[in-house]
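Protein sequences, first through last, are from chains P and C. Numbering-wise (our numbering), the first sequence opens with residue 1 and increments by one. Numbering-wise (our numbering), the second sequence opens with residue 1 and increments by one. Just so you know, even glycine gets a beta-carbon here, dropped at the ideal spot from N, CA and C. Remarks on the structure that follows.
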Amino acid sequence: MIAVSGLSFRRDEGFRLGIEALDAANGQVCALVGKNGCGKSTLLRCLAGILPYEGSALVDGSEVRGLGHRERARRLAYLPQDPGCPHMDVRTLASHGRYATLGAVRTMGERDRALVRRAMELTGVWELRDRLLSDVSGGELQRAYLAMIVAQDAGTLLLDEPSAHLDARGRWELARLLRQLAAEGLAVVVATHDVEAAFSLADQVCLMAAGSVVAKGTPDAVAASGEVSGALGVGIERQRDPRLLWGYALTRA
Amino acid sequence: MPVGADGRGAARCRLALVLGVVVLVSISLASLVAGTAALGMRDSLRALAALLVGGDAGATATLVLLGVRVPRVVSGACCGAALSCAGLLLQASLDNDLASPGVMGVNSGAGLFWLVAALLLPGHPVARQAMAFAGALVSTLLVYLVSRRAGSSRGTVVLAGVAVSSLMSAGIDAVVTIWPESVADRVAFTLGGLSGQTFQRLALSVPAMAAALVAGAVLGRGIDLLALGDETAHGLGLNVRASRLGAIVCAAVLAASAVSVCGLLGFVGLIVPNLVRMWAGPATRPGLALCAVWGAAFLVACDLVARTVAFPYELPVGLVLSLLGAPFFISLLVRRGRGRRSHSVAAPRGGDAA
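Here's what the structure looks like:
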């Protein structure tokens, strides 16, 4: 789990991120939504230990900035936006998830192989294991990266725009997968522009604008907060029709 | 083509390694019995067999084989292996298949500092060695810092390397023009060559090469992660800056050790690692093993060609390498251009996490 209090980060150009409080418990999906430049990715990069922050960000009770590289990666897995398409096969990519546990010298053991296989099966890429990343679709590539960070066996996942470049079916499958990962007991924090999916899949929505959280809580509570149209420029409304893919739909602001 | 650590990828690596050892041994034997000295091929073979099984090889044959050809072949093998492994480490850590000790200015940096040390401290081979390492490191770090400042794209890294390489080469030209006595054979040094090698000269370089190779292999698993982009590698628990710096230092030590033995040999560190990565994939550890074997075989083979193609004259091996390397470099550029066009929708990498 992750717990943030009084976190702030200032960039040279004047942008300031200020988060009073934010929690993501194990077994829950927390979605960060907001316009471009509102600070979603910056927050995730602070939580991942990439950007230096002030205040407190605890992962499983320990301050993120105080953890060593490997110790942090054993507790918290981070997947940035657009991670690229290097020349390797799906299994090799997923195996890289074990790096923090193996260290620089040792090779993978039976337990590591089993964890990698389980991560690949969970994310649906086991059948693609010998395919090059350049030979799989965008959705499959995204799932391969998810297999990598699931194989990390960390309790918290931080995902930055995982649905970017995915088609409608891919977005739907990704949402189901994230729910499945939360059901496995992981805390999943996802920054996304996909507002319908975020409200439909998350247990908790954090609505961000200009570097701070303007509303947070259950999707229903945030939708009813009156802050959505101001923060996103569009409205959001609960859908009751069971034939529809998403439980929420965008409306005019 | 699978590029995994398991299955067919590993089988391809083993096959290439065994084949490489066979080729290296064959070319080394051929190189030992061929040459421009007054020792024919039949006499060479007879003398070599006598030396191997403990018979009488004759004074002249022993002198030519043990004093000239064996040091030359061993030096070629060591320098080829070191330059190839340096190229692989640079390509992997900078995520750029155009990176190599020659293109990135590592060789010329090592060469310039080696020359300055030879000029200022003529009787101190250890100082020359240390200065060559310092020069290689300075060049590589200059390229790294300039490219980071200028945006860190793959093209920027190479352009920065070309600029630094030109700067260091200009320094070398200045030194050998103003103080021609600083280097005994200017052409052999600037073009690169393996004539006149001794085990004493090699003895200073081999321990440094071995240490850098082992360190590169230890860092290999982390270096592999750099291909995923800095932020992803950071998320996996890698100290990105330390890993990249470690790989660069290893590459600098390898290249500097080779330059202090064989001069400014270009293109070995470009051609061999690229062919190895095409065949066996981007994994660093098996790549280093393959580069060591095939790099050694490649340079010994080029030296053999240089010694025999214009018999009785001997061409500098650097000339043969340039004739092979320049077209290869151009073909790499063309291949990259095609690859970029066919993957023009590929998403950009994340920023620098270090």
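*Going by DSSP, what residues sit across from S264 (chain P) in a beta bridge?*
No answer is possible for residue 264 (chain P): it lies beyond the span of chain P, which begins at 1 and ends at 253.
*In this structure, does DSSP put L157 (chain P) in helix, strand or coil?*
strand
*Spell out whether any CB of chain C is found under 8 Å from the CB atom of I50 (chain P).*
yes
*Length of the line joining the Cα atoms of H343 (chain C) and P273 (chain C)*: With a pLDDT of 43 at H343 (chain C), under the threshold of 50, the modelled position of this residue cannot be trusted; read the value that follows with caution. Answer to the nearest angstrom: the Cα atoms are 23 Å apart.
*When you compare only the Cα positions, how much space is there between P242 (chain P) and F9 (chain P)?*
As the crow flies, the alpha-carbon of P242 (chain P) is around 42 Å from that of F9 (chain P).
*If L159 (chain P) sits next to V190 (chain P), beta carbons under 8 Å apart, how far is it from one beta carbon to the other, in whole angstroms?*
Right, their Cβ atoms sit about 4 Å apart.
*Within the same chain, show all residues whose beta-carbon is closer than 7 Å to that of H96 (chain P), passing over the 5 residues directly before and after it, in chain order.*
M148
_Can you give me the C-alpha to C-alpha distance between L24 (chain C) and C79 (chain C), rounded to a whole angstrom?_
13 Å
*Compare the beta carbon distance of G20 (chain C) and W294 (chain C) with 8 Å and say whether it is the shorter of the two.*
yes
_Sheet register partners of A249 (chain P) (DSSP bridge)_ = Note: A249 (chain P) sits in a beta bridge opposite P:E237.
*Report, in whole angstroms, the separation of the C-beta atoms of C291 (chain C) and C13 (chain C), which I expect to be a contact under 8 Å.*
The pair is not a contact, with the Cβ atoms about 12 Å apart (cut-off 8 Å).
_What does the Cβ neighbour count give for N36 (chain P), buried or exposed, with the cut at 16 atoms within 10 Å?_
exposed
*asked:* Going by DSSP in three states, Y313 (chain C) sits in which element: helix, strand or coil?
replied: Here Y313 (chain C) carries a coil assignment [DSSP, helix/strand/coil].
*Does the Cβ-Cβ distance between G27 (chain P) and G217 (chain P) come in under 8 Å?*
no
_chain P contact for A353 (chain C) (CB, 8 Å cutoff)_ = Interpretation of A353 (chain C) is limited by its pLDDT of 35, a score under 50 that renders its predicted location unreliable; no figure is taken from the coordinates.
*Contact check, L321 (chain C) vs G269 (chain C) under 8 Å by CB: the rounded distance?*
Separation of the CB atoms of L321 (chain C) and G269 (chain C) is rounded to 10 Å, and the pair is thereby denied contact status at 8 Å.
*Could you pull out every unbroken alpha helix (DSSP H) segment of at least 4 residues lying fully inside the region 127-184 of chain P, listed in chain order?*
138-151 and 168-183
*Measure from the C-beta of R335 (chain C) to each C-beta in chain P and report whether the shortest distance is under 8 Å.*
no
*Is there a Cβ from chain P that is less than 8 Å from the Cβ of H124 (chain C)?*
Taking CB atoms only, H124 (chain C) has no neighbour in chain P less than 8 Å away.
*Given a threshold of 16 other Cβ atoms within 10 Å of its Cβ, counted over all protein chains shown, does H124 (chain C) qualify as buried or as exposed?*
Around the Cβ of H124 (chain C), a 10 Å sphere holds fewer than 16 other Cβ atoms; the residue is exposed.
*Contacts of H193 (chain P) in chain C (Cβ-Cβ under 7 Å)*: Those do not exist, as H193 (chain P) stays about 15 Å from chain C at its closest Cβ, beyond 7 Å.
*Could you confirm whether any beta carbon from chain P is found closer than 8 Å to the beta carbon of L236 (chain C)?*
yes
*Could you round the C-beta distance between T190 (chain C) and G263 (chain C) to whole angstroms and report it? I think they count as a contact, below 8 Å.*
Their Cβ separation, rounded to whole angstroms, is 7 Å, which keeps T190 (chain C) and G263 (chain C) in contact under 8 Å.
*Would you mind telling me which residues of chain C sit closer than 7 Å to V105 (chain P), beta carbon to beta carbon, in chain order?*
V218
_Minimum Cβ-Cβ distance from N239 (chain C) to chain P less than 8 Å_ = yes
_Classify G281 (chain C): buried if its beta carbon has 16 or more other beta carbons within 10 angstroms, exposed otherwise._
With 16 or more other Cβ atoms within 10 Å, it is buried.
*Could you tell me how far apart the beta carbons of L245 (chain P) and G235 (chain P) are, in whole angstroms, since I believe they sit closer than 8 Å?*
With 8 Å as the limit, L245 (chain P) and G235 (chain P) do not qualify as a contact, their Cβ atoms being about 19 Å apart.
*If you drop the 5 nearest sequence neighbours on each side, which residues of the same chain put their C-beta closer than 8 Å to that of L219 (chain C)?*
S243, G246, A247, C250 and T284
*Return the residue from the list P:L207, P:R74, P:E140 and P:V213 that minimises the CA-CA distance to L157 (chain P).*
Minimum Cα distance to L157 (chain P) is reached at P:R74.
*Buried or exposed (CB count within 10 angstroms, at least 16 for buried), D173 (chain C)*: exposed
*Please decide whether Y78 (chain P) counts as near chain C, where near means a Cβ-Cβ distance under 8 Å.*
yes
*Per DSSP, which residues does S212 (chain P) bridge with? Please list them.*
The beta-bridge partner set that DSSP reports for S212 (chain P) consists of P:A209.
*asked:* When you compare the CB of Y99 (chain P) with every CB in chain C, is at least one pair closer than 8 Å?
replied: yes
*Any Cβ of chain P within less than 8 Å of the Cβ of R349 (chain C)?*
Confidence is the limiting factor: at R349 (chain C) the pLDDT is only 36, short of 50, which leaves the residue's position unreliable and the question unanswerable from this model.
*asked:* Within the continuous alpha helix (DSSP H) that includes G284 (chain C), where are the two ends?
replied: Checking the sequence shown, residue 284 (chain C) turns out to be Thr, not Gly. Start and end: T284 to T308.
*Using 10 angstroms around the beta-carbon of I178 (chain C), count the other beta-carbons present and answer buried if the total reaches 16, otherwise exposed.*
I178 (chain C) sits exposed, since fewer than 16 C-beta atoms from the chains shown fall within 10 Å of its C-beta.
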